[in-house]
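Below you'll find the structure, written out as structure tokens, and then a few comments.
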Amino acid sequence: MSATRLLVLGAVRTRGEAHGYQVRQDLLLWAADQWANVKPGSIYHALKKLAADHLLEEVTTQESELGPDRVVYRITQQGEGEFFFLLNKALSDPETGPAMFNAALPFITTLDRGNLIFLLKSRIQHTKAGADSTRLLIDNTVAPENGQPGKPPHVREMFTYWLVTIQAEVRWLEDLVARLEAGEYVFADDSPAAFGNPPH
Numbered sequence: 001m002s003a004t005r006l007l008v009l010g011a012v013r014t015r016g017e018a019h020g021y022q023v024r025q026d027l028l029l030w031a032a033d034q035w036a037n038v039k040p041g042s043i044y045h046a047l048k049k050l051a052a053d054h055l056l057e058e059v060t061t062q063e064s065e066l067g068p069d070r071v072v073y074r075i076t077q078q079g080e081g082e083f084f085f086l087l088n089k090a091l092s093d094p095e096t097g098p099a100m101f102n103a104a105l106p107f108i109t110t111l112d113r114g115n116l117i118f119l120l121k122s123r124i125q126h127t128k129a130g131a132d133s134t135r136l137l138i139d140n141t142v143a144p145e146n147g148q149p150g151k152p153p154h155v156r157e158m159f160t161y162w163l164v165t166i167q168a169e170v171r172w173l174e175d176l177v178a179r180l181e182a183g184e185y186v187f188a189d190d191s192p193a194a195f196g197n198p199p200h
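Numbering-wise, the sequence shown is residues 1 to 200 according to UniProt numbering.
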């Protein structure tokens with residue numbers, strides 16, 4: 001799964017219609033260049049690839065003071081399906097990785113509140129299972145015997161780092177769910193003007 005694919009689909013969808021420079025500016029505002037491999041070339045490549053895959057469509061070219069005419073894109077119905085598939089998967093499944101989760105967070109308000117809470121609770125369960133597996137690694141760290149290869153005792157520090165990182169994520173997720181249940185933020189089922197939804 002590609003964080004760039006989700007980000008670009010979401011950025012175009014949010015604007016309704018957008019050209020590459022606008023998408024790039026939006027992603028820079030979210031610091032995507034720092035946590036995802038989002039370079040100008042990769043954005044333009046993603047736009048062309050998404051259009052070739054019929055997930056975006058070229059609307060027209062637009063005169064710009066910034067340079068030559070720019071191709072303007074709009075998300076297609078197929079692109080809508082792909083966007084929500086990637087978004088749901090990235091939010092609920094830790095196996096998709098941190099970049100995908102970060103790519104999903106700017107677009108959480110495009111979902112209904114109850115759906116997002118369900119996805120995050122699913123992620124919490126998966127993440128807690130990962131913590132249990134990591135505890136087993138810590139408990140089973142023993143020094144190698146008789147010159148045989150094994151896990152030296154200090155490797156326990158690596159596993160402990162993993163565990164405290166997982167535990168911190170669970171605490172943050174549980175806090176986020178509690179705040180969402182209390183009504184924080186405006187979601188798609190609260191208002192059609194929720195952030196991330198196309199302008200009407």
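Glycine is no exception: its CB is placed at the ideal position from the N, C-alpha and C atoms.
Since the structure is predicted, the reported quantities are computational estimates derived from the model, not experimental observations.
Nearest candidate by alpha-carbon position, reference GLU184, set ARG24, ILE108, ALA46, ASN102: The count along the sequence shown starts at 1 and reaches residue 184 at position 184. Minimum Cα distance to GLU184 is reached at ILE108.
So, with DSSP's three-state summary, where would you put HIS19? The sequence position of residue 19 within the sequence shown is 19, counting from 1. Strand.
Helix, strand or coil: how does DSSP classify GLU184 here? The residue labelled residue 184 in the question sits at position 184 within the sequence shown. Three-state result, GLU184: coil.
Just to confirm the assignment, what range does the alpha helix (DSSP H) spanning SER133 have? To locate residue 133, count along the sequence shown from 1; it is residue 133. Its alpha helix (DSSP H) spans residues 113-139.
In whole angstroms, give me the CA-to-CA distance for ALA51 and ALA11. Within the sequence shown, numbered from 1, the residue matching residue 51 stands at position 51. Within the sequence shown, numbered from 1, the residue matching residue 11 stands at position 11. For ALA51 and ALA11, the distance between alpha carbons rounds to 14 Å.
Let's see if you can read the secondary structure: which residues bound the alpha helix (DSSP H) around ALA36? For this step, residue 36 is matched to residue 36 along the sequence shown. Looking at the DSSP string, ALA36 is not in any alpha helix (DSSP H), and its letter there is neither H nor E.
6 Å CB neighbourhood of ALA193 in its chain, flanking five on each side removed: Indexing the sequence shown from 1 puts residue 193 at position 193. Closer than 6 Å at the Cβ level, and outside the excluded window around ALA193, lies no residue.
Which stretch, first to last residue, makes up the alpha helix (DSSP H) that contains ASN102? As a working mapping, residue 102 is identified with position 102 in the sequence shown. Unbroken alpha helix (DSSP H) run through ASN102: 98-104.
GLY67: buried (16+ other C-beta within 10 angstroms of its C-beta) or exposed? Taking the sequence shown and counting its residues from 1, one reaches residue 67 at position 67. Confidence in GLY67 is poor, its pLDDT being 49 and thus under 50, which makes the residue's placement too unreliable to answer from.
Any chance the region 42-61 sits against the region 98-113, with 3 or more Cβ pairs inside 8 Å? no
Based on the DSSP output, what are the partners of GLU57 in its beta bridges? Counted from its first residue, the sequence shown places residue 57 at position 57. ARG74, per the DSSP bridge assignment.
Roughly how many angstroms separate the alpha carbons of TYR161 and ALA178, rounded to a whole number? In the sequence shown, counting from the first residue as 1, residue 161 sits at position 161. In the sequence shown, counting from the first residue as 1, residue 178 sits at position 178. Cα to Cα, the separation comes out at about 26 Å.
Cα separation between LEU176 and ASN88? Position 176 of the sequence shown, counted from the first residue, corresponds to residue 176. Position 88 of the sequence shown, counted from the first residue, corresponds to residue 88. About 17 Å.
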